[in-house]
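Chemist: In full-length UniProt numbering, the protein residues as written are 1 to 133.
Here it is in structure tokens:
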């Protein structure tokens with residue numbers, strides 16, 4: 001079968017892989033995030049196309065941090081050329097003060113993971129009367 005776009009053969013494929021190394025220019029496997037904070041909730045959206053949320057996406061909240069971990073395994077056949085990223089992807093973000101971690105919800109639709117963290121409203125001060133005697 002013929003490709004629509006011809007591919008040039010790279011003389012030094014190892015050099016190209018080395019230049020694509022995340023240690024060289026920063027993390028390239030990092031998932032992309034969007035954050036929005038309102039008075040009622042912190043909403044985090046992550047781009048995670050092609051993942052099975054039941055098996056490959058894990059979310060934890062601990063010590064004021066929200067961590068999303070996703071895993072993608074390579075298929076049984078090694079392709080001649082691939083720009084896909086395989087392995088474990090992990091991002092951690094700080095949660096806002098008063099985040100109610102017991103009520104966190106998450107949903108995954110069309111490759112976008114949306115995590116909603118409710119924010120507890122501060123309690124109003126209560127005036128305490130001092131009695132005589």
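A virtual CB, placed ideally from N, CA and C, is assigned to each residue, including glycine. Keep in mind it's a predicted model, so treat the numbers as computed, not measured.
Roughly how far, in whole angstroms, is the beta-carbon of residue 101 from the beta-carbon of residue 61, given that I think they are within contact range, below 8 angstroms?
Modeler: The pair is a contact, with the Cβ atoms about 4 angstroms apart (cut-off 8 angstroms).
Chemist: Would you mind stating whether residue 56 and residue 72 have Cβ atoms separated by less than 8 angstroms?
Modeler: yes
Chemist: Between residue 133 and residue 124, what straight-line distance do the alpha-carbon atoms span, to the nearest angstrom?
Modeler: 28 angstroms
Chemist: Got a sec, what are the start and stop residues for the alpha helix (DSSP H) residue 81 sits in?
Modeler: Run containing residue 81: none; DSSP gives neither H nor E here.
Chemist: Does DSSP put residue 47 in a helix, a strand or coil?
Modeler: strand
Chemist: Apart from the five residues just before and just after residue 114, which ones in its own chain have a Cβ nearer than 6 angstroms to its Cβ?
Modeler: 45 and 107
Chemist: Assuming residue 150 contacts residue 87 under a Cβ cut-off of 8 angstroms, what Cβ separation, rounded to an integer in Å, is found between them?
Modeler: Absent from the structure is residue 150, since the part of the chain shown begins at 1 and ends at 133.
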